[in-house]
Amino acid sequence: MADTASLGGLAFDETGAPECCREPYALVRQWLDSMPHGMLDLKRREAELLFRRIGITFAVYSEQGDRERLIPFDIVPRILGAEEWKYLARGLTQRVLALNKFLHDVYHTREIVRAGAIPETLVLHNDSFRSEMQGFAPARDVYTHVAGIDIVRTGEREFYVLEDNCRTPSGVSYMLENREAMLRLFPELLGRHSVAPVASYPEELHDVLRSVAPPHCEGEPTVVLLTPGSFNSAYYEHSFLADEMGLELVEGIDLRVADNVVYMRTTEGLKRVDVIYRRLDDDYLDPLTFRPDSMLGTPGLFNAYRAGNVTLANAVGTGIADDKSIYPFVPAMIRFYLGEEPILKNVPTYRCGDRSELGYVLDHLAELVVKETHGSGGYGMLVGPHATVAERAAFADKLRARPDNYIAQPTLALSTCPTFVESGVAPRHVDLRPFVLLGEAVRIVPGGLTRVALREGSLVVNSSQGGGTKDTWVLER
Amino acid sequence: MLSRAADSLYWLARYVERAENVARTVAVGYRMASMALSLGSNGNEWLSTLITTGCEAGFFAKYDEATQPAVIDYLVRDLENPSSILASIETARRNARAVRIALTSDMWDALNETWLGLREMDLDFSSSQNLLQFLDWVRARSQLFNGAYNGTMLRNDAFYFTRLGTFIERADNTARILDVKYHVLLPTHEGIGGALDYYQWQAILRSVSALRAYHWVYHDRLQPWLIGELLLLRPEMPRSLINCFDQITQYLDRLADGYGGRRGECHRLAGALHARLRYGRIQDIFQLGLHEFLSDFIDRSTALGDEISAYYLT
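Each protein sequence line maps, in turn, to chains Z and B.
Going by the working numbering, the residue at position 448 of the first sequence is 448; the numbering climbs one at a time, nothing skipped.
Residues are numbered in the working numbering as their position in the second sequence, beginning at 1, plus a constant of 1000.
Printed below as a string of structure tokens:
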């Protein structure tokens, strides 16, 4: 069942079909048309074998059967032209800089609240506001060293930010491995395009991490990657990045804090740690400061952090910047901190916590997507146009019971990209997650992770709910 | 390197070696059991197999009798037995995954494909053909892993810890194989030198791939004290106890040198055990009592493993 966007028209087909063929897809269109059906299937299976051999699986928590699954990889690339990428990059840079300034402000004098641009309660009563961070400035004032900004497209030059991910955004290893797979599967096709390389990401990230070493550090800082361990769904990515950057992959138990200094346990004794790229939620970082039942963190880590003896990337407390109830104010942040007009648009968002907005939402449930303010992974949400009357009624009850817990947005017709499915090559909805790095400056590796909803008409791209990924090509010319 | 990473490498190597050794031992047990009737044995081949693999206690907690199907099942695919072939590969792979970046891609491939292969196999061994084929496969996969790690790892501490794992496990296994023959299979004087005895010795040499090697070294019929010497004191025999300890002391020394010369109890203990073998004579060992010698050795090797853990891996 195709869905229609409340924001205008049918979904934008990135190849330009049926009227024409858009420039970036010209060669691929030809290639697809000339490809025998059996060949694509062969290549798809080759890709699957490749990923399984590498072991790039992820764990699905809710399933009982196969604990390790592959995220389906679609062999048709998603292509962006040079100009459209430049435009996106400017928008992303602006957005991440504003989010960082917001975070600094939130944990200091909250000027933006004083100016009346954001309600005080939304900040101070927010579950993601970490009062432990009040008055502390991390190295270089950087909070979101790595941000994953989820973008959807509804037209030629129409891009919306669906979500900011400022805590522990994941998926970059898929971006990198997808490119490797394409290089192996279709070297000639890649060769005929001038595609911007992505392999520099680990190096760039490493540079960022080194640039935020604490003041005591002379010479090369010791940087480590802190993982919850091999049972975490994103473990492959943790080990992949640590390997690419040449960092020790540590778990909480490998670290010790003594006199507010962090050490790791090595075969030669204790070694001081200066920067920690942590892929662990705030809650689990330190049982002495946060959740006392956490077995994944290190006691005393937060104190060492506030003492300025170790840098954590991303900083503690960044959740307030990607909180869905704060999301509607990001354009205001851009204007307030940078004095600029936002380049990338926000999706109009209704906060159900506001009485009049709740009224509108309840009246228009059939057209809206309703999400939990603190949810993730596409769970706990309602896609109005795809739900039954009964489902909408049940959800309305939930909304009335806890309105503060929800926000609503019009359904967007995400752009589509040709995808190799059961019946052949067909359009499927995609989104884009570029990874934005911030150290001394903003650095963005061209492209990012394209996620694709594999079921016809589906708008849900999350891997935990059956979505897949594609390689993203940014053409240099 | 991270203590936990070294620990994973050490145990990963131990468990791959263990899987291979269990496969070898089961193959031998199978061979001896099929000859037992014709050679008039007292039927304790499967019991001896359990003891060699150190699985006796666990087995009898579950079963009353050491029958062929029960023992095979327990040693090959029972996940409740931490030393079964299946459990060993599972543990090895889990350790590998936990320390993935310390492995070369060849090592990971060797191990991951073994694990993937096991998952797709029908592990039903009611037909002997399946069992022997399977055990050959396990041995081949272990040898592939050994070849992969020896051929591709950088010669640094990660490599030394991996080698230590392989040889600590192998030493333990060789000592047990020999001890079981003496102590369990045909411990009394009756029958020594008889057909059954002879076939049992042959089977044991086969299990450590040393049957032909024996004849090359000794140009003689199988003699127990020469077999003992081959498996304990002959450095040219790759699975001999002395060869294992040559490797163990060598790698402990390289670790110590790499870490600025620090040595601990594990170094002293390994050196002492090595010296016993290096300067030992087979007639003295037999005079003391082979079983006494081997039991003591097994205990001290276990202690050595504990000391290595305490010194480097925690």
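Note that beta-carbon positions come from the ideal geometry of N, C-alpha and C, so glycine has one too.
Where does C417 of chain Z sit, in a helix, a strand or coil, going by DSSP? The sequence position of residue 417 of chain Z within the first sequence is 417, counting from 1. In the three-state DSSP reduction, C417 of chain Z falls in the strand class (E or B).
Where N1243 of chain B falls: helix, strand or coil (DSSP): If you number the second sequence from 1, residue 1243 of chain B lands on position 243. The answer is helix: DSSP assigns N1243 of chain B an H, G or I state.
With H, G and I counted as helix, E and B as strand and the rest as coil, what does DSSP make of E83 of chain Z? Residue mapping note: residue 83 of chain Z aligns to position 83 of the first sequence, counting from 1. Residue state, collapsed to three classes: helix.
Endpoints, the alpha helix (DSSP H) within which A1171 of chain B is located: Translated into the one-based positions of the second sequence, residue 1171 of chain B becomes position 171. Segment D1157 to V1180, the alpha helix (DSSP H) holding A1171 of chain B.
Let me know the secondary structure DSSP gives Y327 of chain Z once reduced to three states. If you number the first sequence from 1, residue 327 of chain Z lands on position 327. It is helical.
Verify whether the separation of the beta carbon atoms of G317 of chain Z and D282 of chain Z is less than 9 Å. In the first sequence, counting from the first residue as 1, residue 317 of chain Z sits at position 317. In the first sequence, counting from the first residue as 1, residue 282 of chain Z sits at position 282. In this structure, D282 of chain Z lies closer than 9 Å to G317 of chain Z by Cβ.
Would you report the Cα separation of N303 of chain Z and N260 of chain Z, rounded to the nearest angstrom? Counting from one through the first sequence, the residue named residue 303 of chain Z turns up at place 303. Counting from one through the first sequence, the residue named residue 260 of chain Z turns up at place 260. So the alpha carbons of these two residues sit roughly 6 Å apart.
Is the beta carbon of Y235 of chain Z less than 9 Å from the beta carbon of P228 of chain Z? Taking the first sequence and counting its residues from 1, the one referred to as residue 235 of chain Z is at position 235. Taking the first sequence and counting its residues from 1, the one referred to as residue 228 of chain Z is at position 228. A contact, by the Cβ cut-off of 9 Å.
Distance, T472 of chain Z Cα to R428 of chain Z Cα: To locate residue 428 of chain Z, count along the first sequence from 1; it is residue 428. To locate residue 472 of chain Z, count along the first sequence from 1; it is residue 472. Their backbone Cα atoms lie some 15 Å apart in a straight line.
Within this structure, are the beta carbons of A147 of chain Z and F336 of chain Z separated by less than 9 Å? On the first sequence, residue 147 of chain Z is found 147 positions in, with the first residue counted as 1. On the first sequence, residue 336 of chain Z is found 336 positions in, with the first residue counted as 1. Result no, Cβ atoms of A147 of chain Z and F336 of chain Z do not sit closer than 9 Å.
Going along the chain, which residues of its own chain have a beta-carbon closer than 6 Å to the beta-carbon of N165 of chain Z, five neighbours each way excluded? Here residue 165 of chain Z is taken as the residue at index 165 of the first sequence, counted from 1. Here the set comprises G148 and D322.
Listing by chain order, which chain B residues have their CB less than 9 Å from the CB of D150 of chain Z? As a first step, residue 150 of chain Z is located in the first sequence; it is residue number 150 there, counting from the start. The premise fails here: D150 of chain Z is roughly 28 Å from chain B at the closest Cβ pair, so nothing lies under 9 Å.
Could you tell me whether the Cβ atoms of Y1149 of chain B and M1107 of chain B are closer together than 9 Å? Counted from its first residue, the second sequence places residue 1149 of chain B at position 149. Counted from its first residue, the second sequence places residue 1107 of chain B at position 107. Closer than 9 Å, so yes.
Are the beta-carbon atoms belonging to L209 of chain Z and Y277 of chain Z less than 9 Å from one another? On the first sequence, residue 209 of chain Z is found 209 positions in, with the first residue counted as 1. On the first sequence, residue 277 of chain Z is found 277 positions in, with the first residue counted as 1. Yes, they are a contact pair.
Is there contact between the stretch 320-334 of chain Z and the stretch 107-118 of chain Z, where contact requires at least three CB pairs shorter than 8 Å? yes
Is there a Cβ of chain B sitting closer than 9 Å to that of G297 of chain Z, yes or no? One-based indexing of the first sequence puts residue 297 of chain Z at position 297. No, no contact with chain B.
Three-state secondary structure (DSSP) of V442 of chain Z: Residue mapping note: residue 442 of chain Z aligns to position 442 of the first sequence, counting from 1. Of the three classes helix, strand and coil, the one that applies to V442 of chain Z here is strand, per DSSP.
Is the stretch 1194-1204 of chain B close to the stretch 1279-1287 of chain B, with three or more CB pairs under 8 Å? no
For N346 of chain Z, which residues does DSSP report across the bridge? Translated into positions along the first sequence, residue 346 of chain Z becomes position 346. In DSSP, N346 of chain Z forms a bridge with Z:V161.
Would you say I407 of chain Z and V123 of chain Z are within 9 Å of each other, going by their C-beta atoms? Taking the first sequence and counting its residues from 1, one reaches residue 407 of chain Z at position 407. Taking the first sequence and counting its residues from 1, one reaches residue 123 of chain Z at position 123. No. Outside cutoff.
Can you tell which of Z:S233, Z:E372 and Z:V28 has its C-alpha closest to the C-alpha of F186 of chain Z? Residue numbering aside, residue 186 of chain Z sits at position 186 when the first sequence is read from its first letter. Checking every option, the nearest Cα to that of F186 of chain Z belongs to Z:V28.
If you pair each beta-carbon of the stretch 1093-1111 of chain B with each one of the stretch 1025-1039 of chain B, do three or more pairs fall below 8 Å? no
Can you name, in chain order, every residue of its own chain whose Cβ lies under 6 Å from the Cβ of G191 of chain Z, other than the five neighbours on each side? Translated into positions along the first sequence, residue 191 of chain Z becomes position 191. So the list is empty, once near-sequence residues are dropped.
Of the residues Z:S325, Z:A366 and Z:S194, which one's Cα is nearest the Cα of V383 of chain Z? On the first sequence, residue 383 of chain Z is found 383 positions in, with the first residue counted as 1. It is Z:A366 whose Cα lies nearest to the Cα of V383 of chain Z.
Closest Cα partner of A1158 of chain B within the set B:R1100, B:G1193 and B:L1123: As a first step, residue 1158 of chain B is located in the second sequence; it is residue number 158 there, counting from the start. Selected option, being the one with the closest Cα: B:R1100.
Leaving out five residues on either side along the sequence, give the residues of the same chain with a beta carbon under 7 Å from the beta carbon of P385 of chain Z. Position 385 of the first sequence holds residue 385 of chain Z. Excluding five sequence positions before and after P385 of chain Z, the CB atoms of its chain that fall closer than 7 Å to its own CB belong to D3, A366, E367 and T411, given in chain order.
Please decide whether R53 of chain Z counts as near chain B, where near means a Cβ-Cβ distance under 9 Å. The residue given as residue 53 of chain Z occupies position 53 in the first sequence. At least one CB atom of chain B sits nearer than 9 Å to the CB of R53 of chain Z.
Using beta carbons (cut-off 9 Å, strictly below), is F1167 of chain B in contact with chain Z? As a position in the second sequence, residue 1167 of chain B is number 167, starting the count at 1. No, F1167 of chain B lies away from the interface with chain Z (no Cβ there is under 9 Å from its Cβ).
Report back the beta-carbon spacing between G300 of chain Z and L280 of chain Z to the nearest angstrom; my notes put them in contact at under 8 Å. Walking along the first sequence from the start, residue 300 of chain Z turns up at place 300. Walking along the first sequence from the start, residue 280 of chain Z turns up at place 280. Not confirmed; about 15 Å, so no contact.
Show which residues of chain Z have a CB atom less than 7 Å away from the CB atom of A1019 of chain B. For this step, residue 1019 of chain B is matched to residue 19 along the second sequence. By Cβ distance, chain Z contributes nothing, its closest Cβ being about 19 Å from A1019 of chain B, past 7 Å.
9 Å Cβ cutoff, D286 of chain Z in contact with chain B: What you label residue 286 of chain Z is simply residue 286 of the first sequence in a count that begins at 1. No, because no Cβ of chain B sits closer than 9 Å to the Cβ of D286 of chain Z.
In the structure shown, what three-state DSSP assignment does L459 of chain Z receive? Position 459 of the first sequence holds residue 459 of chain Z. Coil.
Looking at the C-beta of L1002 of chain B, does it have a partner C-beta in chain Z at a distance below 9 Å? Position 2 of the second sequence holds residue 1002 of chain B. Output row for L1002 of chain B: interface = yes.
Suppose contacts are defined by Cβ-Cβ distances below 9 Å. Is L344 of chain Z in contact with Y160 of chain Z by that definition? Taking the first sequence and counting its residues from 1, the one referred to as residue 344 of chain Z is at position 344. Taking the first sequence and counting its residues from 1, the one referred to as residue 160 of chain Z is at position 160. For L344 of chain Z and Y160 of chain Z, yes; Cβs fall inside 9 Å.
Excluding the 5 residues preceding and the 5 following E1265 of chain B in the sequence, name in chain order all residues of the same chain whose CB lies nearer than 6 Å to its CB. The residue labelled residue 1265 of chain B in the question sits at position 265 within the second sequence. The residues are E1307.
Along chain B, which residues have their Cβ under 9 Å away from the Cβ of T349 of chain Z? Locating residue 349 of chain Z in the first sequence gives position 349, counting from the first residue. Going along chain B, no residue has its Cβ under 9 Å from T349 of chain Z, so there is no contact; the nearest lies around 41 Å.
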